[in-house]
Structure formats: structure tokens, C-alpha cells
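Numbering (the working numbering), first residue to last: 67 to 333. Glycine included, every Cβ here is placed at the ideal spot set by N, Cα and C.
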Amino acid sequence: MKVNRLLIVGAMVAAFGFTSCQQEEEIATQDTVSQSALTQIAELGFYSKNVQKVEGGYVVEGDIFLSESDLTGAHNTKALRVGDTEQYRTTNLVNAGTGRNITLSIDPKLPTSYVAALDEAIARYNAENLTITMSRVSSGGNIQIVAAPKSAQYLASAGFPTATGDPHNSIKVATRYIGSNPNQAWFATILAHEIGHCIGFRHTDYMDRSYSCGGGYTNEGASTVGAILIPGTPSAQDPNSWMLACIGSGQNRPFNSNDKTALDYLY
Numbered sequence: 067m068k069v070n071r072l073l074i075v076g077a078m079v080a081a082f083g084f085t086s087c088q089q090e091e092e093i094a095t096q097d098t099v100s101q102s103a104l105t106q107i108a109e110l111g112f113y114s115k116n117v118q119k120v121e122g123g124y125v126v127e128g129d130i131f132l133s134e135s136d137l138t139g140a141h142n143t144k145a146l147r148v149g150d151t152e153q154y155r156t157t158n159l160v161n162a163g164t165g166r167n168i169t170l171s172i173d174p175k176l177p178t179s180y181v182a183a184l185d186e187a188i189a190r191y192n193a194e195n196l197t198i199t200m201s202r203v204s205s206g207g208n209i210q211i212v213a214a215p216k217s218a219q220y221l222a223s224a225g226f227p228t229a230t231g232d233p234h235n236s237i238k239v240a241t242r243y244i245g246s247n248p249n250q251a252w253f254a255t256i257l258a259h260e261i262g263h264c265i266g267f268r269h270t271d272y273m274d275r276s277y278s279c280g281g282g283y284t285n286e287g288a289s290t291v292g293a294i295l296i297p298g299t300p301s302a303q304d305p306n307s308w309m310l311a312c313i314g315s316g317q318n319r320p321f322n323s324n325d326k327t328a329l330d331y332l333y
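The structure is reproduced here in C-alpha cells:
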């Protein structure tokens, strides 16, 4: 598989570093990140290489935003593991109760072509009949899609749910990498991936990013995060999951059967 950019201009660029991975690994910015921060990131079970210092925190694994409080706060060590190379979730999940609608909005300053991609991403989730549903609103969504800083070295980025059970409130997209009229299915995959982070999913290739991003074997380490297997999901590599850390340029990744099992298990 042609690797494009890690969703962090690494294509999921922490957001997928998404371009998803072009063997253009995230630009190394560790010289601006303290060793104590890198240690805390590793202790949380995140990959501590190519970390980017951004406003309010750090971008790790190409597209995942961690705030300063994420690094220093108390953490519940329970987490979800789907085999050795399958779906993973964070400790915090969205409190869906018996049903919850999550609204999403796009900053009107972004290209109008982005709206169709967001609608497609939303439709992918709603087709799964989960306890969470999603809808697009004109402004003030629970998750707001906004422009990333012009200096961003990633395609898109997002964080994880709050300790109180709300989804992460924003997805930042780098228009200079995505463009004004991107392939709709590809960009919908990027947005669906970032939404996945917002509701609690980590990268599918958490235990070995080499099979989606290329290069040598890289195990991010369970650390304090822990791991719990999701019943019914395989432990073998899943090269087509929507939550892989890297994706080929222009590639479309709708939910596969394993993704659907993981989504249904959590929501």
C-alpha cells in the first residue's frame, strides 16, 4: 500500500496525520518539547516520537491532541484493547445513555466543499444505528470543524472525550494540505477518523504502526492505559480500518466489519 502522510502531514496528522502517511513522517519537533512532557506522553501510552507542541498542548501520533491537563491529571487505567492490532479506545467515552445526538458544525470560513464530506462522514455513523447519532448544524456544534493554524504540520487533529462524558469539542483541519476541493470520500474518511477520536477511539494500529505507516515495527506501549479485548474482533492486522494512523492519498475507508463490531460494542 502506498503510504502517504501520517494524518499529520502524516495524514492523520494526529488527526490522522492524514494525508495519511506519505513516508513523510511528522516533522520532528521534539527539540521544542521538554523531556518531562515526552515522558508523560509515553506514560499515558502514546507514541512519544515526532511530538508537536501546539497551542494549549501537544499533537501526538500525527493527529491526536493532548492538553496540558491531559498530561498532568489523574487517570483511570482501564482501557479497551481489540486484539494486538485492532481497535482501541481511551478511558473516557461519550456518555450516550439510552441515546444521544452529537451535533457538528463547520466554520463558514472553510471551503463550502467541506460540507458534503462532513455530511458523508455523519451518514456513515448514522447508518450503524448506534446509541449515538450525529447531525450537522449551522454553528455551535458539540464538535466544531475549524481551520488549523497555518503553521500546522498535519492534515487534521482532534482530542478525546472529556472526563464528564462529552465528545472532544473540535477538529482542526489544515486547508493548505487538504485543499479547497478535496476528493469527497477521502476527506469524509479523514473527518470520520477524527470524529472517531472525539468519541474515544485510538488508532487501530496502536500496537504496530509499521503496517499502515511503513518503516520498522513500532509498538506505542500499553503503559498506564491498559488493555481490554473487545469480543468478536480479530487479533490479526486490519489494513483497511478507518482508524489506522496512516492512509493513502485519495483513499476511501468506510467502516469495515471489524470497525462496525468495535463501534457497536462501545455505542
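DSSP state of Thr105 mapped onto helix, strand, coil
Sequence index remark: in the sequence shown, residue 105 carries index 39 (1-based). Correct three-state label for Thr105: helix.
According to the neighbour-count rule (16 or more other Cβ atoms, all chains shown, within 10 Å of its Cβ), is Thr138 buried or exposed?
By one-based count along the sequence shown, residue 138 stands at place 72. Around the C-beta of Thr138, fewer than 16 other C-beta atoms lie within 10 Å, and the residue is accordingly described as exposed.
Who does Asn167 pair with in a DSSP beta bridge?
Position 101 of the sequence shown, counting from 1, holds the residue named residue 167. DSSP lists Thr199 as the bridge partner or partners of Asn167.
Taking the Cβ atom as the reference point for each residue, do Ala222 and Ile237 lie within a distance shorter than 8 Å?
Within the sequence shown, residue 222 is the residue found at index 156, counting from 1. Within the sequence shown, residue 237 is the residue found at index 171, counting from 1. If you check the CB distance, Ala222 and Ile237 come in under 8 Å.
If you follow the beta strand (DSSP E) that Ala224 is part of, which residue opens it and which one closes it?
To locate residue 224, count along the sequence shown from 1; it is residue 158. Segment Ala222 to Ala224, the beta strand (DSSP E) holding Ala224.
Using the Cα positions of Val125 and Thr230, report the straight-line distance between them to the nearest angstrom.
Numbered from its first residue, the sequence shown carries residue 125 at position 59. Numbered from its first residue, the sequence shown carries residue 230 at position 164. Going by the C-alpha atoms only, they are around 22 Å apart.
Tell me the DSSP bridge mates of Tyr124?
Reading the sequence shown from its first residue, position 58 is the one you call residue 124. Lys119 and Leu132, per the DSSP bridge assignment.
Taking Met200 and Phe267 to be in contact with their CB atoms under 8 Å, please state how far apart those CB atoms are, rounded to whole angstroms.
One-based indexing of the sequence shown puts residue 200 at position 134. One-based indexing of the sequence shown puts residue 267 at position 201. At roughly 14 Å, the Cβ-Cβ gap does not stay under 8 Å, so Met200 and Phe267 are not in contact.
Under 8 Å by Cβ, that's how I've got Ile130 and Leu176 pegged, so tell me the actual separation to the nearest angstrom.
As a first step, residue 130 must be located in the sequence shown, where it is residue number 64. As a first step, residue 176 must be located in the sequence shown, where it is residue number 110. Not quite, the Cβ-Cβ distance comes to about 21 Å (not below 8 Å), so this is no contact.
Give the DSSP bridge partners of Ile237, in chain order.
For this step, residue 237 is matched to residue 171 along the sequence shown. Ile237 pairs with Ile211 and Ala224.
Leaving out five residues on either side along the sequence, give the residues of the same chain with a beta carbon under 8 Å from the beta carbon of Pro227.
The residue given as residue 227 occupies position 161 in the sequence shown. Excluding residues within five positions, the ones whose Cβ falls inside 8 Å are Thr156, Asn158, Leu159, Val160, Pro233, His234, Cys264, Ile265 and Gly266.
Rounded to the nearest angstrom, how far is the Cβ of Leu170 from that of Arg202, given a contact under 8 Å?
Against the sequence shown, residue 170 aligns to sequence position 104. Against the sequence shown, residue 202 aligns to sequence position 136. With a Cβ gap of about 5 Å, Leu170 and Arg202 count as contacting.
Can you say whether Thr164 is buried or exposed, counting buried as having 16 or more other CB atoms within 10 angstroms of its CB?
In the sequence shown, the residue the question calls residue 164 occupies position 98. The residue is exposed, with fewer than 16 neighbouring Cβ atoms inside 10 Å.
For the candidate residues Arg319, Ile313, Glu109 and Gly225, whose alpha-carbon lies nearest to that of Ser133?
What you label residue 133 is simply residue 67 of the sequence shown in a count that begins at 1. That would be Gly225, whose Cα lies nearest to the Cα of Ser133.
By Cβ distance below 8 Å, which residues in the same chain neighbour Asn195 in space, the five residues on each side in sequence not counted?
Residue mapping note: residue 195 aligns to position 129 of the sequence shown, counting from 1. Once the five neighbours on either side are set aside, Asn195 has no close Cβ partner at all.
For Asp325, which residues from the same chain have a beta carbon less than 6 Å from its beta carbon, with the 5 sequence-adjacent residues on both sides left out?
As a working mapping, residue 325 is identified with position 259 in the sequence shown. Within the same chain, Ser307 and Trp308 come within 6 Å of Asp325 by CB-CB distance, once the 5 residues on both sides are set aside.
Residues of its chain near Leu184, where Cβ-Cβ distance is below 7 Å and the 5 sequence neighbours each way are ignored
By one-based count along the sequence shown, residue 184 stands at place 118. Closer than 7 Å at the Cβ level, and outside the excluded window around Leu184, lie Leu170, Ile172, Arg202, Ile211 and Leu257.
Roughly how many angstroms lie between the CA atoms of His269 and Thr255, to the nearest whole one?
What you label residue 269 is simply residue 203 of the sequence shown in a count that begins at 1. What you label residue 255 is simply residue 189 of the sequence shown in a count that begins at 1. Approximately 14 Å, taken between the alpha carbons.
Provide the residue span of the alpha helix (DSSP H) that contains Leu332, from first to last.
Here residue 332 refers to the residue found at position 266 when the sequence shown is read from its first residue. Ser323 to Leu332 is the extent of the alpha helix (DSSP H) around Leu332.
Leu257: first and last residue of the uninterrupted alpha helix (DSSP H) it sits in:
By one-based count along the sequence shown, residue 257 stands at place 191. Element bounds for Leu257: Gln250 to Cys264.
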